[in-house]
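**Q** Chains as they are written, first to last, in the working numbering: chain S, 1 to 398; chain L, 1001 to 1169; chain D, 2001 to 2102.
Note that CB positions come from ideal geometry on N, CA and C, so glycine has one too.
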Amino acid sequence: MNFWNDPLKVAAGWLEGIFTGWGMDAVLAHVLVVFLGVFLLITILMVLDIFLVWIERKVVARFQDRIGPNRVGPYGLIQPFADIIKLIIKEDTTPDGADKVVYNLAPILSMMSVLILWAIVPLAPVMLGVDLNVGVLFLIAAGAIGTLSIIMAGWSSNNKFAMIGGFRQVAVMVAFEIPMLTMLMIPTIFAGSMNMNDIIESQNVWYFIISPLGALIFLIAAIAELGRAPFDLAEGESELVAGFNIEYSGMKFGMFYAGELLHAFTFGGFWAILFFGGYRFFGLEQVSPFLAILILVIKAMLGYWVIMWVKYTMMRIRIDQMLGFNWKFLTPLSFALLLVTALMNTLLRGADGWLYILGMFLANVVTAWVALEIARSVSKKERERVEGVKQVAEVHHS
Amino acid sequence: MTGEQIIFLIVALFTLGSALMVVTTRNLIHAALWLVATLFGVAVIYALLNAGFMAVVQVVVYIGAIAILFIFAVMLTRKDLRDNTPQTNKNWWAGALVAALTFVGLVFTLQSWSGFSKTASAVPLGFDAISQLGEQLTSPTAYVLPFEVASVLLLAALVGAVYVAFNKK
Amino acid sequence: MIPLSWYLILAAALFGIGLFGVLVRRNAVAILLGVELMLNAVNINLVAFWRYGDMATMAGQVFAIIVFAVAAAEVSVGLALVISVYRRRNTVIADELDMLKW
């Protein structure tokens, strides 16, 4: 076993050897090494987070036909560091009547809910934090902590706008958790396991090809969970000023902001893991774990780019429209898709590779088509009810 | 004392401490947040019991849904933000006595049981609790009936909650 | 190794605390919080008995899951009732809800 094949184990063994060489207890040395590993991962993620600020600003600039930050450093690369220095030296305010402990705990929990997600991300075949056999559910559990942090921030700020933002976010998250959890069951059905690594290993064909509708619904639910446009109702700059984080300043606001960016990138990564084969890319992942990490990061970046693309090209929708969209369309559709997928999986179990893929793909297309047809006829009736039949008829005649 | 025991003691003290805060805090939002802490402690207890699935479901169902519903309900049913009225009954000491007697009685009854201080056997190699659980939950020879009854109960609760809370204009 | 008794004592203590909350609190929402603590205590027992008994029969975990479902149902209906009562009587203090005496 050499370093280039299994860097984590080799490095851990080497460090443990050093620590025990100093006369340290073996168990204690192991705990210390694990702690150092976690510390290293979090540090890398935070550094990555700094550059995500730059990436986000550059990409949004391109979408809006601007150049973006380009003054500080080459291509404006040093700009996020300037932002951070600004955030750190800003006055740290706490509003009157705020619940101090809860108020200060909320940004920490928000960041934590994102960072713990990385415990289950398989970076390479041999590199993953925890080989959790309920990895898929862990994703939802971490989202629950994120929801909690937002409602804590909204309540403790002693501000009406923050409170409304918190309420909205909870309504949205509780609603969109259902299609998300349902869609997480689809890779679970295909792989026969809730373990992230097993899901990746069983993707000889990307699950996106077998279940494109599932991947799409997962992306929509993920964007809602992130609280990004078109579902950024908790922030709603034009109506709630800044929503739940209105009273936060300095680095506390920075924690929410950095948490949101890293969350978006993380969900890009999970989209890649669940539906696009994670670190696998035509056997390249077997060459070196570092190459596998590179593949995963590129795929996660592409997912993140899609999320940004949606954010900067869609307008925000109203809260009632959004909840209606979830409860009346997305949730029934995801249940139907889950039933269809489970049924097709049982029917096609014995079929050979291509027939299976084709059957699954067609089942998805048919489900999507039926759902859209139903939505179309219902919305047509709704339009007629609202605008009156006559008016519509006149327009058609002229 | 092994590391596992130390972890258990820390988690148990944390759980019981926050549970005490749940029932004694004056501010109800704080009580709900302390409930979240208690539920976390219980999730760690499940993890110590090698029931990873239960731990994650605890976080998803209890913290993600139930605790947040509680916070919602507290916010919706308060007249003013600072509640200065006493939060406990006048004869709270009787309640404390009953609770203490229940605890003592439970422990007294349990410690006369032969299996009280038995230790766990090691988890069999390759034992997969989740697939076992899934198969038994859907197997007609095991627990499919309670499972279905639970889902009917959830449906009834869904309909009932909507009906009760619906604001008739 | 941790003996079974530790888990049982923890569960009993949690149950006692929850019972105290149910008996003593005046606010209906706080009473429901106490009920949640009691349900959790029961769940610890169920999972502990699963772990220390025969692990192949999943009865403990199955019934713990059913307790989850019951808790979710109880909270949704209970809180709906509390909110409905609050709309009509403008209070959630259990002592003040004495319509039958009036």
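Can you tell me whether DSSP reads T1015(L) as helix, strand or coil?
**A** Helix, per DSSP.
**Q** Does any residue of chain L bring its CB to less than 8 Å from the CB of R2025(D)?
**A** For R2025(D), the answer is yes, since a Cβ of chain L falls inside 8 Å of its Cβ.
**Q** Against chain L, does Y2086(D) count as a neighbour if the rule is that its beta carbon must be under 8 Å from one of theirs?
**A** At least one chain L Cβ lies under 8 Å of Y2086(D).
**Q** Any idea what DSSP makes of T94(S), helix, strand or coil?
**A** T94(S): coil per DSSP, three-state reduction.
**Q** List the residues that DSSP assigns as beta-bridge partners of M127(S).
**A** In DSSP, M127(S) forms a bridge with A124(S).
**Q** Using only CA atoms, which one of M2055(D), D2095(D) and A2071(D) lies nearest to L1158(L)?
**A** Nearest of M2055(D), D2095(D) and A2071(D) to L1158(L), Cα basis: A2071(D).
**Q** Is there a Cβ from chain L that is less than 8 Å from the Cβ of M2058(D)?
**A** Chain L, which has a Cβ nearer than 8 Å to the Cβ of M2058(D), makes this yes.
**Q** With a 10 Å radius around its C-beta and 16 neighbouring C-beta atoms as the bar for buried, classify S193(S) as buried or exposed.
**A** Burial call: buried.
**Q** For G1041(L), which residues in chain S fall below 9 Å Cβ to Cβ?
**A** Simply none; closest approach about 15 Å.
**Q** Would you mind working out which of I319(S), K381(S) and G68(S) sits nearest E239(S), comparing C-alpha positions?
**A** It is I319(S) whose Cα lies nearest to the Cα of E239(S).
**Q** What residues from chain L crowd round L2010(D), counting only those whose CB sits closer than 8 Å?
**A** Going along chain L in sequence order, the residues near L2010(D) (Cβ under 8 Å) are A1012, T1015, L1016 and I1045.
**Q** Compare the C-beta of W118(S) with all C-beta atoms of chain L and state if any pair is closer than 8 Å.
**A** Chain L contact via Cβ: absent.
**Q** Leaving out five residues before and five after V134(S) in sequence, what residues of the same chain have Cβ atoms less than 7 Å from its Cβ?
**A** The residues are M194.
**Q** Under the assumption that R2087(D) contacts Q1087(L) (Cβ atoms under 8 Å), give the Cβ distance between them as a whole number of angstroms.
**A** Rounded, the Cβ-Cβ distance is 22 Å, inconsistent with contact.
**Q** Are the C-beta atoms of A222(S) and some chain L residue less than 8 Å apart?
**A** Answer no: the Cβ-Cβ gap between A222(S) and chain L never drops below 8 Å.
**Q** Confirm, please, whether the CB-CB distance from F275(S) to W206(S) is below 8 Å.
**A** Against a cut-off of 8 Å, the Cβ pair of F275(S) and W206(S) comes out as a contact.
**Q** Which complete alpha helix (DSSP H) runs does the region 203-257 of chain S hold, if anything under 4 residues is left out?
**A** Qualifying alpha helix (DSSP H) stretches, in chain order: 207-210, 212-226 and 237-240.
**Q** Taking all protein chains shown into account, decide if A26(S) is buried (16 or more other Cβ within 10 angstroms of its Cβ) or exposed.
**A** It counts as exposed.
**Q** Could you name the residues of chain L that I108(S) contacts, counting a contact when the two beta carbons are closer than 8 Å?
**A** None at all; the shortest Cβ gap to chain L is about 14 Å.
**Q** With respect to the alpha helix (DSSP H) encompassing D83(S), which residues constitute its N-terminal and C-terminal limits?
**A** D83(S) -> alpha helix (DSSP H) spans Q79 to I89.
**Q** By the 10 Å Cβ neighbour count, where 16 or more other Cβ atoms means buried, how is G143(S) classified, buried or exposed?
**A** So G143(S) ends up on the buried side.
**Q** With DSSP as the reference, identify every bridge partner of N2027(D), one or two as the case may be.
**A** Bridge partners of N2027(D): I2093(D).
**Q** Do T1102(L) and L2019(D) count as a contact pair if the criterion is CB distance below 8 Å?
**A** Result yes, Cβ atoms of L2019(D) and T1102(L) sit closer than 8 Å.
**Q** Can a CB atom of chain L be found closer than 8 Å to the CB of W2102(D)?
**A** Caution is warranted here: a pLDDT of 49 is assigned to W2102(D), below 50, making its placement in the model unreliable, and no coordinate value can be reported.
**Q** With D49(S) as the anchor, note down where its alpha helix (DSSP H) starts and where it stops.
**A** Residues A26 to F63.
**Q** Is any beta-carbon of chain L found at less than 8 Å from that of L2014(D)?
**A** Closer than 8 Å: yes.
**Q** To the nearest angstrom, how far is it from the Cα of V174(S) to the Cα of K100(S)?
**A** Approximately 26 Å between the Cα atoms of the pair.
**Q** Please tell me whether F19(S) has its Cβ less than 8 Å away from any Cβ of chain L.
**A** No, F19(S) lies away from the interface with chain L (no Cβ there is under 8 Å from its Cβ).
**Q** Based on the DSSP output, what are the partners of T1119(L) in its beta bridges?
**A** Per DSSP, P2003(D).
**Q** From the beta carbon of K9(S), is the nearest beta carbon of chain L less than 8 Å away?
**A** No, K9(S) does not count as interfacial toward chain L.
**Q** Any C-beta of chain D sitting closer than 8 Å to the C-beta of V1144(L)?
**A** It does not: the Cβ of V1144(L) has no partner Cβ on chain D nearer than 8 Å.
**Q** Evaluate contact between the region 302-314 of chain S and the region 53-60 of chain S, counting only Cβ atoms and requiring at least three cross-stretch pairs below 8 Å.
**A** Because the criterion of three Cβ pairs below 8 Å is met, the region 302-314 of chain S and the region 53-60 of chain S touch.
**Q** Flag this pair as yes or no: are the beta carbons of L2023(D) and A1161(L) separated by less than 8 Å?
**A** No, the pair does not count as a contact, with Cβ atoms beyond the cut-off.
**Q** With a 10 Å radius around its C-beta and 16 neighbouring C-beta atoms as the bar for buried, classify N204(S) as buried or exposed.
**A** Under this definition N204(S) is an exposed residue.
**Q** Measure the alpha-carbon distance for N326(S) versus Q79(S) and round it to whole angstroms.
**A** Each residue's alpha carbon lies about 38 Å from the other.
**Q** Check the Cβ of F1008(L) against every Cβ in chain S and list those closer than 8 Å, keeping chain order.
**A** Near F1008(L) there are no residues of chain S at all, since even the closest Cβ is about 16 Å away, more than 8 Å.
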